[in-house]
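Peer 1: Going by numbering that gives the first Met the number 0, the first residue of the sequence shown is number 0, and it counts up by one from there. From the three backbone atoms N, C-alpha and C, an ideal C-beta is built for every residue, glycine too.
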Amino acid sequence: MRRSRLAAYMTALLLAAGVALTGAATAQASPQAAATGYVALGDSYSSGVGAGGYISSSGDCKRSTKAYPYLWAAANAPSSFDFTACSGARTGDVLANQLGPLGAGTGLVSVSVGGNDAGFADVMTTCVLQSDSNCLARINTAKAYVDSTLPGQLDKVYSAISAKAPAAHVVVLGYPRFYQLGGTCPGLSQAKRTAINNAADHLNTALAKRAADHGFTFGDVRSAFTGHELCSGSAWLHSLNLLNIGESYHPKAAGQSGGYLPVFRNAA
Numbered sequence: 000m001r002r003s004r005l006a007a008y009m010t011a012l013l014l015a016a017g018v019a020l021t022g023a024a025t026a027q028a029s030p031q032a033a034a035t036g037y038v039a040l041g042d043s044y045s046s047g048v049g050a051g052g053y054i055s056s057s058g059d060c061k062r063s064t065k066a067y068p069y070l071w072a073a074a075n076a077p078s079s080f081d082f083t084a085c086s087g088a089r090t091g092d093v094l095a096n097q098l099g100p101l102g103a104g105t106g107l108v109s110v111s112v113g114g115n116d117a118g119f120a121d122v123m124t125t126c127v128l129q130s131d132s133n134c135l136a137r138i139n140t141a142k143a144y145v146d147s148t149l150p151g152q153l154d155k156v157y158s159a160i161s162a163k164a165p166a167a168h169v170v171v172l173g174y175p176r177f178y179q180l181g182g183t184c185p186g187l188s189q190a191k192r193t194a195i196n197n198a199a200d201h202l203n204t205a206l207a208k209r210a211a212d213h214g215f216t217f218g219d220v221r222s223a224f225t226g227h228e229l230c231s232g233s234a235w236l237h238s239l240n241l242l243n244i245g246e247s248y249h250p251k252a253a254g255q256s257g258g259y260l261p262v263f264r265n266a267a
């Protein structure tokens, strides 16, 4: 009888331990299993400036229903979709204003940021309005910033994303080259166009390196935009638009759906 009671007691303990362990495993797995929400962070290239179809409630952030995050969410129906990307955003703006929706339930994050930090708008203004030498000098200043300061700023953003959404797969989207080289292109010399494209490559290299160091996926859109740069005859980017300066040098709806969306879909 004593042995039978002892055996029964030990069996009960083992069963209880098994239930407890199973419960613990389930509790640990459930946040990751539920991590199917999508949060879209970043600047105007993610908010969709230039694509039209802006969501009225987004105000000056100009979030578009034709932007790649909105298109991906509509096609894939994530458990939740938070679209906080905003026109003009720099790394500090992402940290201060866009990370609120991130959490344990976030399974996917997209982010494009860094171009504004490097002075993208001022580079384009200088290159369009001033001499070749001034254009190249401004680009060299921007490249020096990308080398010296931007990596640390990106680290802050990427580390914050990982801390707030530890289960998330993070895709860092880059920027296209702006100009097709060769032939004629009104308003910009070959030297300027080459320098601007090289600056885009320089920025993308920095973004890809920081993304890899954080275990993130880099979405390189340059190949997707090949043949659709400015001066190509089939541009997916707006050229200088004096009637709507803010849309200048941003992807059109076709650039979002034909350029950014497939790259993000493959990386997600």
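So which of 162, 217, 200 has the shortest CA-CA distance to residue 171?
Peer 2: As a position in the sequence shown, residue 171 is number 172, starting the count at 1. If we check each option's Cα against that of residue 171, 217 comes out closest.
Peer 1: Please state whether DSSP places residue 81 in a helix, a strand or coil.
Peer 2: Taking the first residue of the sequence shown as position 1, residue 81 is located at position 82. Looking at residue 81 - three-state DSSP - the assignment turns out to be strand.
Peer 1: So residue 113 and residue 153 are in contact, right, with Cβ under 8 Å, and what is the actual spacing, rounded?
Peer 2: Start at 1 with the first residue of the sequence shown, and residue 113 comes out as number 114. Start at 1 with the first residue of the sequence shown, and residue 153 comes out as number 154. At roughly 6 Å, the Cβ-Cβ gap stays under 8 Å, so residue 113 and residue 153 are in contact.
Peer 1: For my contact list, residue 36 and residue 99 are in at a C-beta cut-off of 8 Å; report their separation, rounded to the angstrom.
Peer 2: Counting from 1 along the sequence shown, the entry for residue 36 is found at position 37. Counting from 1 along the sequence shown, the entry for residue 99 is found at position 100. With 8 Å as the limit, residue 36 and residue 99 do not qualify as a contact, their Cβ atoms being about 13 Å apart.
Peer 1: Which runs of the alpha helix (DSSP H) at least 4 residues long sit entirely within the region 166–239? Give them in chain order.
Peer 2: 189–212, 221–224
Peer 1: Look at the alpha carbon of residue 104 and the alpha carbon of residue 133, and state the distance between them as a whole number of angstroms.
Peer 2: Counted from its first residue, the sequence shown places residue 104 at position 105. Counted from its first residue, the sequence shown places residue 133 at position 134. Their backbone Cα atoms lie some 48 Å apart in a straight line.
Peer 1: Taking the alpha-carbon positions, what's the residue 252 to residue 62 distance?
Peer 2: Sequence index remark: in the sequence shown, residue 252 carries index 253 (1-based). Sequence index remark: in the sequence shown, residue 62 carries index 63 (1-based). Their backbone Cα atoms lie some 12 Å apart in a straight line.
Peer 1: Alpha carbon to alpha carbon, how far is residue 144 from residue 229?
Peer 2: For this step, residue 144 is matched to residue 145 along the sequence shown. For this step, residue 229 is matched to residue 230 along the sequence shown. Answer to the nearest angstrom: the Cα atoms are 25 Å apart.
Peer 1: For residue 248, which residues in the same chain have their Cβ closer than 7 Å to its Cβ, ignoring the five residues on either side in sequence?
Peer 2: By one-based count along the sequence shown, residue 248 stands at place 249. Within the same chain, residue 248 has close Cβ partners 123, 177, 236, 237.
Peer 1: With 16 as the cutoff for other CB atoms within 10 Å, does residue 191 come out buried or exposed?
Peer 2: If you number the sequence shown from 1, residue 191 lands on position 192. Result: buried.
Peer 1: Straight-line CA distance for residue 263 to residue 130?
Peer 2: Within the sequence shown, residue 263 is the residue found at index 264, counting from 1. Within the sequence shown, residue 130 is the residue found at index 131, counting from 1. Near 37 Å, if we compare the C-alpha coordinates of residue 130 and residue 263.
Peer 1: Do residue 68 and residue 45 have their C-beta atoms within less than 8 Å of each other?
Peer 2: Position 69 of the sequence shown, counted from the start, is the residue given in the question as residue 68. Position 46 of the sequence shown, counted from the start, is the residue given in the question as residue 45. In this structure, residue 45 lies closer than 8 Å to residue 68 by Cβ.
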